[in-house]
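One rule links them: number in our numbering = place in the sequence shown (from 1) + 1072. Note that the Cβ used here is the ideal one computed from N, Cα and C, for glycine as well. Only a predicted model underlies this, so the values are computations on that prediction, with no experimental measurement involved.
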Amino acid sequence: MALLFSESERGELLQGFLAESIEHLEGIEHVLLQIESASAENRDELTNQVFRAAHSIKGGSAMLGLTTIQALAHKTESVLDFLRSGTLTPNSDLIDLLLRSFDTLRHLIDHSQHSDTTDISANLASLEAVIARAQQETTPEGPSSGSQGPGQVTTEPGEPLPEKAEPTLRVRVRLLEDLMNLAGELVLSRNQLREALGRSDLRAIRISGQRMGQVTTELQETIMMTRLQPLDRVFSKFPRMIRDLSKQLSKDIQVSIEGREVELDKTLIEGLGDPLTHMVRNAADHGVESPEERTRLGKRNPARVRLQAYYEAGQVVIEVADDGRGIDGEKVAQKALARGLVSPDKARKLSMKEKQALIFLPGLSTAETVTDLSGRGVGMDVVKTNIDRLGGKVEIDSEPGKGTSFRVKLPLTLAIIPSLILSTCGEIFAIPQVNVLEMLMVPAEQVKRRIEVIDRQEVLVLRGKLLPLVSLNEFLGATHTFVHPLTQEEQTDRRHRLADRRSTHHDRPLAGLPATPAHAAEHPRTDGRRHRACSNLNIVIATTGNFSFGIVVDKLLFTEEIVVKQLGRDLKGLPEYSGATIMGDGRIALIIDVLGLATRANLLGQAQALSQEAAEPVRCAKSDGETVPFLAFQYGGPETLVLPLYMVTRLEKIRPGDIGECGGWKAIPYGDHMLPVFLLSDIGRIPPLRPDQERGVIVLRVRGREVGLVAALPIQVLQIRPDFDGTVLRQPGIAGSRVWNQKTVMLVDIWEILETQHPELLEIGHQSPLRRPDVPQIVVLEPVTFFQRQLRLQLESQGFQVTVATSWPEVENHFAVPQARCRALLADVTLLQQDRYAGLRHFRSTHLPAGLPIVGLRQNEPILPEELAAEGVGEVFQKLDHQPLAVWIDALRTGTGVANAAADSGGWQASSCPWPPAAPPPSSPNGRV
C-alpha cells in the first residue's frame, strides 16, 4: 500500500523517483536490442540489468501510490523473470513486446500526474498472455510469503500530484567539488586583492588580478562543463529505430555507433534529435537498397548505417553515413528544375556537389511516392534549418553507387561563443566567428575597381565572384561621418554609395527586372575620388551557409569569447539581432544574426541573379583553394598563430622557469649552449601566456642559426590556404591574418621579429652570396616585405644571390645593365596581371634576356592560366608553399628539367614540375614534431 507523506515530502520523493526512473529507462532500448542478438553466456547479465530497472520502478511507484505504473512494471518484471530463467526465448516478438512495455512506462513517467487515468489494458493483456504461456511450460509455484500477486495489491488514494517541476540536470559530484574549490579560491583572491588595494601595493595588485583572472577562467570552464551531456542521450534511440525501419521497409540494415561519450551543451543535445532522426530515416529509406538489389550489385548484406561523433578544432562533428546507392546529383537537379526551384541556366553551371546539395531546398524530394516515411520534401530542409539554428553547418559527401555521408559541425556550447568585435557609428557589435569567412580592407585607391553597382545593389568583386554588400551604417539609418585630414574636424560623409561611380560593365538591371535608365544618370562618373586612408573600406565576408555577402563597417577591432545574453522584449522582434553581450569595459554589444541581417537588407533575393552575373568570370579565373602546411599554436589569447612548416626544425617542451636572461637576451639551455628565444607578448599586442599554460619552444633555423619562439602547447600542423590579409590586424611581428575554420589565424613574421629585436642574429653564421660575380642571381618582384624576406631566405639557402624589386621600373633598371648570371625572374601575379600585363609586356619587349624564365608567385589570388602562359609565364607557385618552389629552384640550379624559352613567346617549360603544383601532404619537420 502507499505510504503516507506530507505534501512537501511526497513532492521531493516523487521528483527523485521520476529522475531515477528516467535514468533507468534511458539505456533500456539499447540493452534489449543487445539481448536479442547476444550469445547465451552474455544474455543473463543483460537480462538482469533490465530486470533490476523494472523492479526499481515497480518499488518506487508502489511506495508513492502510482498504481498504473506499478501494475505495468510488475507484469513486465514477471516476463523478464521467465526470460532470465530460460523459460522464454528472446525472439523478435518478445523483444517487441518488451520495447512497447518500456515505451509505455516512459510515457506514464513523463506524464505522471495523469498516469492513473491512462488506459494500459492492451499492454497488460499482451504481457499476461505471455506469462500464461510461460507458466504452462513450468511447474506452477505459489506466491512467496514475502510478496503478493498482482490481484492482491491494494492502494490508498495518494496525495494530489504536484505541478510539473522545472527541468533538472544531473551533474557529476566531481564537478560540484571543483566548483566549490574554485569558489573558495575566488574568495581568497578577492581578499588578497582587497588587502593589496589597502596597501597601494601595485605589484601585489597585479599578481592578485592575474590570479583572479585565472580562477575566473577555470570557473567559467567548469560551469560550462555542468551543461555538457553525452551524445548517447540522442544516439541511444537509433538502434531501435533502425530495427523498426528494417522490418517496415523489408531491408536488412545494421547500425554502428561511435562516440557515444562525446559531450555537447544540453541545449544542443535537445535540438539535435529531429535533424539526426531525419538523416537516419533518409539513410534507411532513400540510401540503402533492398537486399535483392544489393546482392545484384555485389554489395554485402546487411547494409550499414554508421553514426560517429568526435571533436575537431574546438567543435563537435557528427557523421551519419550509409553504404547505399548515394545521391544522384543529376536526378536531384532534374527534380529541382521540375519544381521551379532553380533556373535551367543555373542548373547547367552547378558542380556535382552543388547539385547534391539541392536536397536541402524546401519542397524537394527524390522519392517517387509519398509514404509515411518520405516523399513530402520537408526532411532535409528541416535538417538544414535546425542545424543553422543551432549555429552549426551540414555538409554532404556522396558517391553514386558507394554511399552518402552527412557531416554536421556544431559548437560545444551556445552560451559562450567566439566572436569578431567591430564598431560602426560609434557603437560596437559582435558577429559569431562561425559566420565569418574572412575579413578584408579595400584600400581607397582600389574602391573604384573592386566595388560595382548592379541595379542599385552594390557588390564586391572578390576572386572572380560578386558578393552583395550592405553598409551597417546605412542599414542602421545612421549618418556616416569622418575626420577631415586637414582640419581634423568631424564632417558628414556626403557619399550615398560605397562605389565612386557607375559601373562600366555591371551597372545594368538584373535578369527579369525592368531597366532603369534614369538611375544611370543619378551619379555621374568621376575617377579616383577616394584616395585618403579614411576612405578605406573595412569589410566582413559573412556566410549563412549557402549564401555569402559583405558587411561594411567602420572598424574591425578584435576577436573575443562572449557570453550571450537574451534580448529584452523591445528588441526581440528584430531578426537582425540574436542576442547581446556585455564587454569588459561595461559597454553593451548587440550580436548580429547574419541570416536575419541578409533578410532584412533584401540581399537573399539578389543571390541567384548575382551568381549568374558572375558565372563567366568564375569559369575563367583559377583559384583552386590550394593549401599549405603551417605549424599552428596559441599564445595568451584566443587567436591561432601560424608559421610556415618548412622553417621549423624541432619542438622542445619547457617550464616557465627555464627562460633566463643573458646579456639582454632571453634564452634557454639547449644542448651544450644557450638558445635565444622570443616571446610574442614582448613584441606586439599579443596577450602574455597565462601561468597555467604549458609551454614549448618552436626551434627555427634562420640563415644557419637556430632561434626559438615560445608558444603554448599543444602545437599542431594545419593545412591552410595561404591568402593572408596583410592589412587587417597587422602589428609588429604579425604579417597578416585570415579566418580559418571559424577562427582568426595570424601569420608570425619571424624576420621582422629578428630585425627589430636582435638584427645581429641575421648575420651570425651566414655567408652572404650577394655581390659575388660567380654566384647565380634571381630577381624577385614582390611588393610585400614579409614575402620578400621569406623568398630571400629560401633562395639564398639554395645558393642564389637575390635582388628584390617592388615595381616594374625597378626591374627594368636592374636589367638595364647586362646580367650574365641572372637565372630567373620571380614575380607577384598581381603585378604580372597589373593593367592587363602592360608592365610585363614592356619589360619583355625592351629588357628581357633571351631564355630568361618568368615565374609567377601568388597567395591564392585568381589567375588566368591561358593568359599567363601566352604572356610568357611558365610556372606559378604558392608563396608560402616551400616544397614545390624548392624543387623548381633546385632544378634551375642543376639545369635538370628546365628548358630555354621558346623563341616566339618567351615562355618556357619545366617538365619535372607540373603547373599548377599540387600542395604537399602535411609532414613533421625532421620527423620530430
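Start-to-end residues for the alpha helix (DSSP H) that takes in residue i
i: residue 1259; result: 1245–1271
i: residue 1822; result: 1822–1829
i: residue 1140; result: 1139–1156
i: residue 1364; result: 1363–1368
i: residue 1424; result: 1424–1428
i: residue 1283; result: 1274–1298
i: residue 1321; result: 1310–1321
i: residue 1856; result: Residue 1856 -> no alpha helix (DSSP H), and no H or E assigned at all.
i: residue 1517; result: 1516–1522
For residue i, the first and last residue of its enclosing beta strand (DSSP E)
i: residue 1622; result: 1620–1625
i: residue 1345; result: That residue, residue 1345, is in no beta strand (DSSP E); its alpha helix (DSSP H) goes 1338–1354.
i: residue 1900; result: 1894–1900
i: residue 1943; result: Counting along the chain, residue 1943 falls outside any beta strand (DSSP E), and DSSP gives it neither H nor E.
i: residue 1807; result: 1806–1812
i: residue 1788; result: 1777–1792
i: residue 1702; result: 1700–1706
Three-way DSSP call (helix, strand, coil) for residue i in this model
i: residue 1183; result: coil
i: residue 1616; result: coil
i: residue 1161; result: coil
i: residue 1101; result: helix
i: residue 1093; result: helix
i: residue 1919; result: coil
i: residue 1671; result: helix
i: residue 1746; result: strand
i: residue 1584; result: For residue 1584, the pLDDT reaches just 36, beneath the cut-off of 50, and the residue's location in the model is therefore unreliable, although a value from the coordinates is still provided. Here residue 1584 sits in coil by DSSP.
i: residue 1088; result: helix
i: residue 1452; result: helix
i: residue 1212; result: Unreliable positioning characterises residue 1212 in this predicted model, as indicated by a pLDDT of 49, which lies under 50. The coordinate reading is nonetheless provided below. Looking at residue 1212 - three-state DSSP - the assignment turns out to be coil, as it is neither helix nor strand.
i: residue 1383; result: strand
i: residue 1646; result: coil
i: residue 1888; result: coil
i: residue 1419; result: helix
i: residue 1176; result: helix
i: residue 1878; result: coil
i: residue 1861; result: helix
i: residue 1603; result: Low per-residue confidence applies at residue 1603: pLDDT is 47, beneath 50, and the placement is therefore not dependable, though the value from the model is reported in the following sentence. Coil at residue 1603, not helix or strand.
i: residue 1840; result: Residue placement at residue 1840 cannot be trusted, given a pLDDT of 44 that sits under 50; what the coordinates show is reported in the next sentence. In this structure, residue 1840 counts as coil in the three-state DSSP scheme.
i: residue 1236; result: At residue 1236 the pLDDT is 45, less than 50, meaning the model places this residue with poor confidence and gives no usable figure here.
i: residue 1656; result: coil
i: residue 1572; result: Residue confidence is low: residue 1572 scores 49 on pLDDT, short of 50, so the model does not pin down where it sits. Its coordinate-derived value is still stated next. Residue state, collapsed to three classes: coil.
Under 8 Å between C-beta atoms of residue i and residue j
i: residue 1540; j: residue 1675; result: yes
i: residue 1768; j: residue 1787; result: yes
i: residue 1854; j: residue 1912; result: no
i: residue 1661; j: residue 1501; result: yes
i: residue 1188; j: residue 1148; result: no
i: residue 1947; j: residue 1816; result: no
i: residue 1636; j: residue 1653; result: yes
i: residue 1280; j: residue 1265; result: yes
i: residue 1874; j: residue 1868; result: yes
i: residue 1533; j: residue 1614; result: no
i: residue 1051; j: residue 1335; result: Since the first residue shown for the chain is 1073 and the last is 2001, residue 1051 is missing from the structure and cannot be characterised.
i: residue 1915; j: residue 1883; result: yes
i: residue 1488; j: residue 1633; result: yes
Contact with chain B by residue i, beta-carbon distance below 8 Å
i: residue 1354; result: In summary, chain B is missing from the structure at hand, where a single protein chain is found.
If we count Cβ pairs, one from each stretch, closer than 8 Å, do we get three or more for the region 1107–1114 versus the region 1084–1094? no
Mind the definition here: the region 1721–1740 touches the region 1815–1826 only if three or more C-beta pairs lie below 8 Å; say whether that holds. no
Does the region 1337–1346 come into contact with the region 1292–1307, if we say contact requires no fewer than three beta-carbon pairs (one atom in each stretch) closer than 8 Å? yes
Is it true that the region 1149–1157 meets the region 1119–1127, where meeting means three or more beta-carbon pairs spaced less than 8 Å apart? yes
How do the region 1373–1387 and the region 1403–1414 stand: do at least 3 beta-carbon pairs fall below 8 Å, yes or no? no
Segment contact flag, the region 1512–1531 with the region 1393–1400, C-beta cutoff 8 Å, min 3 pairs: no
Check whether the region 1457–1467 touches the region 1327–1344, counting contact only when three or more Cβ pairs, one atom from each stretch, lie closer than 8 Å. yes
Three Cβ pairs or more, each shorter than 8 Å: is that satisfied between the region 1103–1110 and the region 1162–1170? yes
The region 1415–1429 contacting the region 1464–1479, beta-carbon criterion three pairs below 8 Å: yes
Please give me, in chain order, every unbroken run of the alpha helix (DSSP H) with length at least 4 that falls completely inside the region 1451–1503. 1451–1461
Do the region 1405–1422 and the region 1320–1331 meet, that is, are 3 or more Cβ pairs less than 8 Å apart? no
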